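Visitor: Once you've had a glance at the structure underneath, I'll fire off some questions.
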Amino acid sequence: MSPANLDRQRHYYEHFREQLNGIDANRLTAEDQADWNILQDQVSLALLDLNELHSPLNTHSLCGDARNALFSPYVLEYAPLAARLRNIVARLQKVPLFLDQARSNLTSAPGIWTSGNGRERGQHRPGGQDHPGRRAARLRDAYNLAALSALDAMRSSRTTSRTASPAATITPGA
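In terms of numbering that gives the first Met the number 0, the sequence shown opens at residue 0 and continues consecutively.
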């Protein structure tokens, strides 16, 4: 990430922290105080990463982000199951774009990131016994189409990462 982008992110989080500090947390409800604390912690973590740690992104963390985006609506009961399944399908449809963007930021990759394991070699199949796509017949066609597209994008991403140089990193926002 360019120094200008890092400065822009740093400024964003510092400004957000100032806004949070302008809120009297003692006047908030218990739930809002919990949210306020979470926001404070996340801003502190982001600034620590930007100012001290400088953590590079890697393909495994990106796949984890995609996996969590798909799994969370299934297990977190924030809406009726049918609505959560529609969210999963909508998110699944975005996986190819997400991986394309990640691939465009991939400048090289360490061997450990590209060696793959059983799941990455196609031994993992979507639509398992208790998979959300099996629970809602009305969404099955949309789910299957989105899943196939996402799997194709993942396979393409895996192929691209294996051809990257051994010292690869992902440059966010590049």
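Built from N, CA and C at the ideal position, the CB exists for glycine as well. Everything numeric in this text was worked out from a predicted model, so none of it was measured.
1) Does the count of Cβ pairs from the region 38–53 and the region 78–88 closer than 8 angstroms reach three?
2) From the DSSP output, in three-state form, read off G172 for me.
3) Counting pairs of Cβ atoms below 8 angstroms between the region 3–16 and the region 36–47, do you hit three or more?
4) Can you name, in chain order, every residue of its own chain whose Cβ lies under 7 angstroms from the Cβ of F97, other than the five neighbours on each side?
5) Spatial neighbours of A101 within its chain, please: CB distance less than 6 angstroms, with the 5 preceding and 5 following residues excluded, ordered by chain position.
6) From the DSSP output, in three-state form, read off A81 for me.
7) Since E30 is in the alpha helix (DSSP H), which residue starts that stretch and which ends it?
8) Helix, strand or coil: which one does DSSP assign to L75?
9) Determine the burial state of Y142: buried for a count of at least 16 other Cβ atoms within 10 Å of its Cβ, exposed for fewer.
10) Mark A78 as exposed unless 16 or more other C-beta atoms lie within 10 angstroms of its C-beta, in which case mark it buried.
11) Counting C-beta neighbours from all protein chains within 10 Å, is the total for G132 16 or more, i.e. buried, or is it exposed?
Guide: Judging by the given coordinates:
1) no
2) With a pLDDT of 47 at G172, under the threshold of 50, the predicted position of this residue should be treated as unreliable, though the coordinate-derived value follows. Coil.
3) yes
4) A65
5) L61
6) helix
7) A29 to L47
8) coil
9) buried
10) exposed
11) With a pLDDT of 47 at G132, under the threshold of 50, the modelled position of this residue cannot be trusted, and the question is left open.
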